[in-house]
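Colleague: Under our numbering, think of the first position of the sequence shown as 33, with each following residue one higher.
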Amino acid sequence: MDHHGLHMAGSLLGHFHVGEANRRPPYPGGRIPWKEIGNALHKIGYNGAVVMEPFVKMGGQVGRDISVWRDLSHGATEAELDKDAAESVTFLRGLWG
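As structure tokens, then:
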């Protein structure tokens, strides 16, 4: 995958949002090449914020605003969603250091 955009942004990159193609948090075996993205961020010297905004549940103002039309959490509880997010942070930290 070409990460030319990250290299072009370089020092102009202020913060970086992460999420899978299906709006879930990053996870091993997902569709996004997280290791390569981490390498590109490291190469440009990025040390800013990494923000994760998984949008997986319908309802509420945000769900309506971004048109979440089905439950991508498979019925997960709030505690399970928190666990998924924590596991995602651990996954990315393991790849990116």
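We put the beta carbon where it would ideally sit given N, CA and C, even for glycine.
None of these values were measured; they are calculated from a predicted model.
#1: May I ask you to report which of helix, strand or coil DSSP gives histidine 106?
#2: Out of curiosity, what's the CA-to-CA distance linking leucine 38 and histidine 49?
#3: Between the alpha carbons of isoleucine 76 and tryptophan 128, how many angstroms are there, rounded?
#4: Which residue marks the beginning of the alpha helix (DSSP H) containing valine 88, and which one marks its end?
#5: Am I right that proline 57 and proline 86 are in contact with their C-beta atoms under 8 Å? What's the rounded C-beta distance?
#6: Along the chain, where does the alpha helix (DSSP H) that runs through alanine 72 open and close?
#7: Could you name the residues of the same chain whose beta carbon sits closer than 7 Å to that of asparagine 54, not counting the 5 residues immediately before and after it, in chain order?
#8: Looking only at its chain, what residues have a beta carbon closer than 6 Å to the beta carbon of aspartate 116, apart from the 5 residues adjacent to it on each side?
#9: Determine the extent of the beta strand (DSSP E) in which histidine 49 is found, giving its start and end residues.
Modeller: So, from the listed chains and residues:
#1: In the three-state reduction of the DSSP assignment, histidine 106 falls in the coil class.
#2: Roughly 12 Å separates the two Cα atoms.
#3: Distance between the alpha carbons of isoleucine 76 and tryptophan 128 is about 13 Å.
#4: Note, valine 88: premise wrong, no alpha helix (DSSP H); not H, not E.
#5: Contact holds; Cβ gap of about 4 Å.
#6: Taken as a continuous stretch (DSSP letters only), the alpha helix (DSSP H) holding alanine 72 covers 66–75.
#7: Within the same chain, Leu104 come within 7 Å of asparagine 54 by CB-CB distance, once the 5 residues on both sides are set aside.
#8: For aspartate 116, same chain residues with a beta-carbon under 6 Å away, outside a window of 5 residues either side, are Pro57 in chain order.
#9: From DSSP, the beta strand (DSSP E) with histidine 49 extends over 47–50.
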